[in-house]
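Residue numbers (our numbering): 126 to 555. As structure tokens, the structure follows; a few thoughts come after it.
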Ligand code: GDP
């Protein structure tokens, strides 16, 4: 059986923690999209880790961690990450890399930087990890699959051809140093040595695992609002962040995905530019940022301060719908314990009209939040294990959000650790 753990919003909802927690009962954890541009923060018995490429199952000895074909694989980053965890006494995880995964090339990273420089103030706020140039090349059919490293003759010819094209751009558009194709081929030979022990026909492996009754977790990166098609285009990521894409990015049949756990944070945060209706500013934002997450809301990859806002029911309802949510994991609720009152965005006012539907980007840019204020609970809820033991106002907050978004909140996370979780029976769960 396959479960997906995905985000409803802009990312950073706490998917890493939920995946790490669900991985206790899983056999295989698969990353199916995205690259090293975003990260998960995981707190467990070995310490606190920021993962960018490795699936959140790497801390268990009973799981196999898989890099699916949909991922943008940066081989040096991947290896440094393995080293960074094994250096801290985590046993060497079992890892498989799809032979169909494509590789982030050194020039993708450079082109990402050069393009952001060229755009100046109009930039996309890219993390400059090469993800957009990577996916552009993949769909322009000039990307490099891991499998191609093992076909030396064709590789040589393709490297020459692609370098020829890239160098025209580097010279005339960006006025930057050219790529030396021989050096690039050398780098790719090093990549081959590094990745060889892990390469696998992942789709076949997962097919066999499913037949053996294994539990597979698909781990998403970012959230619905960053999906290329359904997000706040063009301020989106370059791959699909939806559970549906998990089938493609892992190579399994879509009907095998039986549970879709959509992670929603109890307030909003976003990195990078783009529409964010319930955003707050100044001291109010700073206080939430400082108290947020586990040690503040700063990017796991970039360290950038995240933009902060109140919970957005409009965006989250849409986010959950597009994911095909069976369960909502409502996270970081403990952080709101300091507030006397908690505003929640329940509608968007656009040109004098209020809507509860998440519209297209240019309309969101004009939207003003319609806020409803709920009473706070003014205490620390960490350590509570039963839903009934939460303060009444805290339960009311959860139930209000559930009613607004229309999807069952069956898990409430009240701390960063694996065991900081409250399971809840939801009237909406079929
Ligand atoms: P992801 O990319 O969706 O995995 O999210 P991040 O890891 O970037 O951000 C989530 C942050 O919140 C991390 O620092 C987690 O350790 C932390 N976190 C997750 N769940 C909770 C929770 O319920 N309470 C608190 N206080 N922190 C949490």
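Ideal Cβ positions, reconstructed from N, Cα and C, are used throughout, including at glycine.
Which value, in whole angstroms, describes the spacing of the CA atoms of residue i and residue j?
{"i": "residue 471", "j": "residue 184", "result": "39 Å"}
{"i": "residue 215", "j": "residue 186", "result": "9 Å"}
{"i": "residue 266", "j": "residue 156", "result": "22 Å"}
{"i": "residue 253", "j": "residue 424", "result": "14 Å"}
{"i": "residue 526", "j": "residue 130", "result": "20 Å"}
{"i": "residue 123", "j": "residue 334", "result": "In the structure as shown, the chain begins at 126 and stops at 555. Residue 123 is therefore absent and cannot be evaluated."}
{"i": "residue 490", "j": "residue 138", "result": "22 Å"}
{"i": "residue 537", "j": "residue 451", "result": "15 Å"}
{"i": "residue 468", "j": "residue 498", "result": "4 Å"}
{"i": "residue 245", "j": "residue 442", "result": "34 Å"}
{"i": "residue 373", "j": "residue 126", "result": "16 Å"}
{"i": "residue 375", "j": "residue 388", "result": "20 Å"}
{"i": "residue 531", "j": "residue 386", "result": "14 Å"}
{"i": "residue 400", "j": "residue 414", "result": "19 Å"}
{"i": "residue 502", "j": "residue 494", "result": "23 Å"}
{"i": "residue 512", "j": "residue 463", "result": "19 Å"}
Identify which residue in the options has its Cα closest to the Cα of residue i.
{"i": "residue 154", "options": "265, 229 and 327", "result": "327"}
{"i": "residue 300", "options": "361, 496 and 236", "result": "236"}
{"i": "residue 141", "options": "342, 316, 305 and 238", "result": "342"}
{"i": "residue 220", "options": "135, 325 and 260", "result": "325"}
{"i": "residue 165", "options": "422, 340 and 357", "result": "422"}
{"i": "residue 294", "options": "189, 329 and 239", "result": "239"}
{"i": "residue 510", "options": "229, 496, 315 and 540", "result": "540"}
{"i": "residue 554", "options": "384, 332 and 233", "result": "384"}
{"i": "residue 402", "options": "320, 485, 182 and 456", "result": "485"}
{"i": "residue 198", "options": "177, 204 and 229", "result": "229"}
{"i": "residue 331", "options": "353, 417 and 223", "result": "223"}
Locate the beta strand (DSSP E) running through residue i, then write down its first and last residues.
{"i": "residue 346", "result": "341 to 348"}
{"i": "residue 455", "result": "452 to 456"}
{"i": "residue 432", "result": "432 to 434"}
{"i": "residue 560", "result": "Shown here, the chain extends from 126 to 555; a query on residue 560 therefore has no answer."}
{"i": "residue 156", "result": "153 to 156"}
I need the boundaries of the alpha helix (DSSP H) containing residue i, first residue and last residue.
{"i": "residue 297", "result": "Careful: residue 297 lies outside any alpha helix (DSSP H) and carries neither H nor E."}
{"i": "residue 504", "result": "No alpha helix (DSSP H) contains residue 504, which DSSP labels as neither H nor E."}
{"i": "residue 144", "result": "140 to 147"}
{"i": "residue 236", "result": "231 to 244"}
{"i": "residue 309", "result": "306 to 320"}
{"i": "residue 523", "result": "517 to 530"}
Quick check: does the Cβ of residue i come within less than 7 Å of any heavy atom belonging to ligand 2?
{"i": "residue 538", "result": "For the structure depicted, ligand 2 is absent and the ligand set comprises only ligand 1."}
Mind checking residue i: buried by the 16 CB within 10 Å criterion, or exposed?
{"i": "residue 285", "result": "exposed"}
{"i": "residue 355", "result": "buried"}
{"i": "residue 150", "result": "exposed"}
{"i": "residue 243", "result": "exposed"}
{"i": "residue 406", "result": "exposed"}
{"i": "residue 206", "result": "buried"}
{"i": "residue 298", "result": "exposed"}
{"i": "residue 303", "result": "exposed"}
{"i": "residue 316", "result": "buried"}
What does a CB cutoff of less than 7 Å around residue i pick up in its chain, not counting 5 residues either side in sequence?
{"i": "residue 146", "result": "543 and 546"}
{"i": "residue 211", "result": "217"}
{"i": "residue 548", "result": "535 and 536"}
{"i": "residue 448", "result": "131, 133, 349, 367, 368, 385 and 387"}
{"i": "residue 419", "result": "166, 168 and 541"}
{"i": "residue 171", "result": "184, 213, 214 and 215"}
To which residues of the same chain is residue i closer than 8 Å at the C-beta, ignoring the five residues directly before and after it?
{"i": "residue 310", "result": "280, 281 and 284"}
{"i": "residue 458", "result": "391, 506, 519, 522, 523, 537, 538 and 539"}
Closer than 6 Å by C-beta to residue i: which residues in its own chain qualify, once you throw out the five before and the five after it? Chain order, please.
{"i": "residue 251", "result": "237 and 241"}
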